[in-house]
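Student: In the numbering used here, the protein residues as written are 5 to 348.
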């Protein structure tokens, strides 16, 4: 498909720079046969007893570092771990990164530049164990907020908590699974009391998930890979819910993608661990998920293409036009929508 089909103009004042407080007070657009304006706190009334929420338990790491290489100030955002102590990263300015040179981030904390790739990507070797690197990042790293959340002085102390879901358990993401940001302990208690269970999967979200496509046709896009895991417990919970007539509700596009990837060539997920690079566009046949809770996404992004594949391009165009007209807040700290699948 032509990427232009997924373009739209968003007024910049609708880009959220702070989350709703409390989190579950965010607005929720229910998009099925009609469009209805609700709140995330209404979710227990919008789902049914026996439904299963599938959440992403990835934890965002403090992946943004500022260092010095020679006389150049280099800002680095870690992308993916490859082996112990080695990462891919985005560097600015990448042209000042010379292979073989070192970037010093703090006393006794530096990395060797192993390679330079396209789009500002570099390879780094930290030369320490993963446990030691985790400790160094906790001390010297910063929250890797998306560029549309403008913080001239850098992320605040509040961002360290705001940009983390209450489900976060497994470190490795460099971007938050943002649909999960809307949940509170009180909301989870109300969902459980309603008979709505939850299960966790993992997909370590990368910064590429937000990037607009730079090609004219979706067939020419190469999807970035992200590490994912669907455990036996999650698979069993999905099978129980389906057997009892419940619906599988993915909390976020990341949960949906890893579940669909775990289906492989079958009709339901199986335990899986490894790289997930599934690119979902209209025409895809969904096998694992019956409902999708998700934020409002960037134009021309793989995420907007996914929601159009799930709910229908025309419905999503109408939903986004409604959301903009009603002043919904967009992107990571913004509001959410609850989507039903398009009629097949």
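Virtual Cβ for every residue (Gly too), placed ideally from N, Cα, C.
Is the distance from the Cβ of residue 346 to the Cβ of residue 315 below 8 Å?
Tutor: Taking the chain shown and counting its residues from 1, the one referred to as residue 346 is at position 342. Taking the chain shown and counting its residues from 1, the one referred to as residue 315 is at position 311. A contact, by the Cβ cut-off of 8 Å.
Student: Taking the C-alpha atoms as reference points, what is the distance between residue 57 and residue 254?
Tutor: As a first step, residue 57 is located in the chain shown; it is residue number 53 there, counting from the start. As a first step, residue 254 is located in the chain shown; it is residue number 250 there, counting from the start. Spanning the two alpha carbons is a distance of roughly 6 Å.
Student: Would a C-beta distance cut-off of 8 Å place residue 333 and residue 18 closer than the cut-off?
Tutor: Position 329 of the chain shown, counted from the first residue, corresponds to residue 333. Position 14 of the chain shown, counted from the first residue, corresponds to residue 18. In this structure, residue 18 lies closer than 8 Å to residue 333 by Cβ.
Student: Entirely within the region 286-327 and at least 4 residues each: give me those alpha helix (DSSP H) ranges in chain order.
Tutor: Taken in chain order, the unbroken stretches of alpha helix (DSSP H) that lie wholly in the region 286-327 and span 4 residues or more are 306-315.
Student: Taking residue 21 as part of the alpha helix (DSSP H), name the residues at either end of that continuous run.
Tutor: As a position in the chain shown, residue 21 is number 17, starting the count at 1. No alpha helix (DSSP H) contains residue 21, which DSSP labels as neither H nor E.
Student: Are the Cβ atoms of residue 28 and residue 186 separated by less than 8 Å?
Tutor: To locate residue 28, count along the chain shown from 1; it is residue 24. To locate residue 186, count along the chain shown from 1; it is residue 182. In contact: residue 28 and residue 186 (Cβ atoms closer than 8 Å).
Student: Quick test of the definition: if touching needs 3 or more C-beta pairs under 8 Å, does the region 9-17 touch the region 305-319?
Tutor: Between the region 9-17 and the region 305-319, the count of C-beta pairs closer than 8 Å reaches three or more; the two stretches touch.
Student: Can you tell me where the alpha helix (DSSP H) holding residue 242 begins and where it ends?
Tutor: Your numbering for residue 242 matches position 238 in the chain shown. Note, residue 242: alpha helix (DSSP H), 236-247.
Student: With distances taken Cα to Cα, identify the nearest neighbour of residue 305 among 226, 116, 122.
Tutor: Working through the chain shown from its first residue, we reach residue 305 at position 301. Among 226, 116, 122, the Cα nearest to that of residue 305 belongs to 226.
Student: With distances taken from CA atoms, which of 152, 274, 268, 212 is nearest residue 336?
Tutor: Numbered from 1 along the chain shown, position 332 holds the residue referred to as residue 336. Just measuring C-alpha positions, the residue of 152, 274, 268, 212 sitting nearest residue 336 is 152.
Student: For residue 102, write down the residues that DSSP places opposite it in a beta bridge.
Tutor: Position 98 of the chain shown, counted from the start, is the residue given in the question as residue 102. Beta-bridge pairing by DSSP links residue 102 to no other residue.
Student: Does residue 251 come out as helix, strand or coil in the three-state DSSP assignment?
Tutor: In the chain shown, counting from the first residue as 1, residue 251 sits at position 247. It is coil, neither helix nor strand.
Student: For residue 22, count the other beta carbons within 10 Å of its own beta carbon; 16 or more makes it buried, fewer makes it exposed. Which is it?
Tutor: If you number the chain shown from 1, residue 22 lands on position 18. Per the 10 Å Cβ criterion, exposed.
Student: Do residue 262 and residue 232 count as a contact pair if the criterion is CB distance below 8 Å?
Tutor: Taking the first residue of the chain shown as 1, we reach residue 232 at position 228. Taking the first residue of the chain shown as 1, we reach residue 262 at position 258. Yes; because the gap between Cβ atoms is below 8 Å, this pair is in contact.
Student: Report the residue from 51, 123, 178 whose alpha carbon sits nearest the alpha carbon of residue 69.
Tutor: Within the chain shown, the letter at position 65 stands for residue 69. Residue 178 is the option with its Cα nearest to residue 69.
Student: Following the continuous beta strand (DSSP E) through residue 86, name the residue where it begins and the one where it ends.
Tutor: Here residue 86 corresponds to residue number 82 of the chain shown, with the count starting at 1. Segment 76-87, the beta strand (DSSP E) holding residue 86.
Student: Taking only the alpha-carbon atoms, compute the straight-line gap between residue 228 and residue 78 and give it to the nearest angstrom.
Tutor: Reading the chain shown from its first residue, position 224 is the one you call residue 228. Reading the chain shown from its first residue, position 74 is the one you call residue 78. Those two C-alpha atoms are separated by around 24 Å.
Student: When the distance is taken between beta carbons, is residue 128 closer than 8 Å to residue 66?
Tutor: Along the chain shown, one-based indexing puts residue 66 at 62. Along the chain shown, one-based indexing puts residue 128 at 124. Their beta carbons are not under 8 Å apart, which means residue 66 does not touch residue 128 by this criterion.
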